[in-house]
Amino acid sequence: MRKALGRGIDSLITKVQNNDISGDIVQKIPVGKIRPNRFQPRRNFDEASLAELSESIKERGLLQPISVWKDHGEDDYELIAGERRLRASKLAGLAEIDAIVKKDLDDEQKLGLSLIENIQREDLNAVDTALGYRQLMDNFGVSQADIAKQVGKSRAAVSNTLRLLELDEDIRQGIQAGAISEGHARALISIPDSAKRREFYQRIMAEKLSVRDVESFAQGFHAQKPRAPKAPRAGSRRTPEVVDMESSLEKTLGTKVELCPGPGPQNGKIVIHYFSLDDLDRVTQILKK
24 MRKALGRGID SLITKVQNND ISGDIVQKIP VGKIRPNRFQ PRRNFDEASL AELSESIKER
84 GLLQPISVWK DHGEDDYELI AGERRLRASK LAGLAEIDAI VKKDLDDEQK LGLSLIENIQ
144 REDLNAVDTA LGYRQLMDNF GVSQADIAKQ VGKSRAAVSN TLRLLELDED IRQGIQAGAI
204 SEGHARALIS IPDSAKRREF YQRIMAEKLS VRDVESFAQG FHAQKPRAPK APRAGSRRTP
264 EVVDMESSLE KTLGTKVELC PGPGPQNGKI VIHYFSLDDL DRVTQILKK
């Protein structure tokens with residue numbers, strides 16, 4: 024299953040958003056006949072949040088039906104989206120639940136619908152979202168650009184979310200459990216030194232550090248990295264003033280900066296280095312201020 028979605032991801036997502044898959048039916052079905060979703064992106068479910076949703080369902084009923092599929096000839100159903108609602112409904116003691124029933128889907132559509140509906144409609148944490156993106160890419164060869172277009176995010180945002188999967192397992196688990204925020208995680212991944220990254224993760228947990236604290240450390244880490252000495256270029260004018268200005272810019276931007284004089288006395292260029300897409304986003308945000 025490492026191919027593009029058979030009917031095209033654009034067409035598939037449009038049908039998901041419009042609930043326009045042929046044969047859709049909204050009906051009440053027994054909760055005991057619903058199988059778990061094989062492709063569920065969400066890995067963690069907050070018990071307190073489930074309890075609150077359960078109480079809301081007891082008082083006001085289920086406001087939005089879940090989505091399931093039912094293959095021809097089968098007696099039970101498989102969940103597409105709405106696992107929190109299904110779990111909360113079971114806690115509330117419901118024997119039946121309102122569901123949009125999609126029929127006669129092939130495996131490609133099942134995986135695509137499951138991932139896309141969960142990514143777009145559920146409040147997923149960043150790591151679970153990244154795992155959903157990765158499944159789309161690995162199973163269907165869907166590009167990051169196509170994912171970005173369909174979930175309404177920039178290509179860089181999708182890429183940065185995927186990069187969270189490069190973090191150590193305990194840090195990823197911290198994001199999934201809500202112990203640290205996505206902002207913390209993005210700041211951590213901009214620290215290229217793994218040991219320093221893990222050290223700062225422990226400090227976040229112990230000292231309740233803010234995202235800005237981690238960003239400041241990351242900026243300082245890049246600014247303080249020693250630079251290899253360069254042989255002077257013929258005709259270059261690296262005056263003490265140029266060196267001081269480079270140093271000042273590096274402290275402000277938290278990354279390596281080079282001033283390159285041009286052929287004339289009043290022109291040249293500024294070269295700003297970045298070491299990851301997160302680093303590029305961080306520097307860009309500073310420049311926009």
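Letter by letter, the sequence shown follows residues 24 to 312 in this note's numbering. Glycine included, every Cβ here is placed at the ideal spot set by N, Cα and C.
Which of the three DSSP states is assigned to residue i in this structure?
| i | result |
| --- | --- |
| Lys279 | coil |
| His296 | coil |
| Gln289 | coil |
| Ala118 | coil |
| Lys133 | helix |
| Lys1 | Lying before the first or after the last residue shown, residue 1 is absent from the chain, which here runs from 24 to 312. |
| Lys125 | strand |
| Lys51 | strand |
| Arg305 | helix |
Take residue i and list the residues in its own chain whose beta-carbon comes closer than 6 angstroms to its own, dropping the five residues that flank it on each side.
| i | result |
| --- | --- |
| Lys253 | Low confidence applies here, because Lys253 scores a pLDDT of 49, under 50, leaving its location unreliable; read the following figure in that light. So no residue of the chain qualifies. |
| Gly197 | Ile203 |
| Lys311 | none |
I'd like to check one pair, residue j with residue i: are the Cβ atoms closer than 9 angstroms?
| i | j | result |
| --- | --- | --- |
| Ile114 | Asn60 | In the sequence as presented, Ile is not what sits at residue 114; that position holds Leu. For Leu114 and Asn60, no; Cβs fall outside 9 angstroms. |
| Asp191 | Tyr156 | no |
| Pro53 | Glu119 | yes |
| Lys93 | Lys125 | yes |
| Ala241 | Ser213 | yes |
| Ser90 | Ile123 | yes |
| Ile57 | Asp121 | no |
By Cβ distance, which residues of its chain are closer than 7 angstroms to residue i, with the 5 residues on each side in sequence left out?
| i | result |
| --- | --- |
| Glu269 | Val280, Glu281 and Leu282 |
| Leu272 | Val280 |
| Tyr297 | Thr278, Leu303 and Val306 |
| Gly243 | Gly277 |
| Arg221 | Asp191 |
Going along the chain, which residues of its own chain have a beta-carbon closer than 8 angstroms to the beta-carbon of residue i, five neighbours each way excluded?
| i | result |
| --- | --- |
| Ser177 | Ala171 |
| Met228 | Gly197, Ala202 and Ile203 |
Any heavy atom of the ligand PLP closer than 8 angstroms to the Cβ of residue i?
| i | result |
| --- | --- |
| Leu272 | For the ligand PLP, the structure offers nothing, since it holds no ligand at all. |
> Which full runs of the beta strand (DSSP E) of 3+ residues lie inside the segment 151-218, going along the chain?
Replying inline: none
> At a cut of 8 angstroms, does the segment 209-216 reach the segment 163-174 through at least three beta carbon pairs?
Replying inline: no
> Counting only runs that start and end within the segment 60-114, where is the alpha helix (DSSP H) found for 4 or more residues in a row?
Replying inline: Correct list: 70-83 and 106-114.
>> Below 8 angstroms, how does it come out for the segment 73-81 and the segment 110-128: are there three or more Cβ pairs, yes or no?
In response: yes
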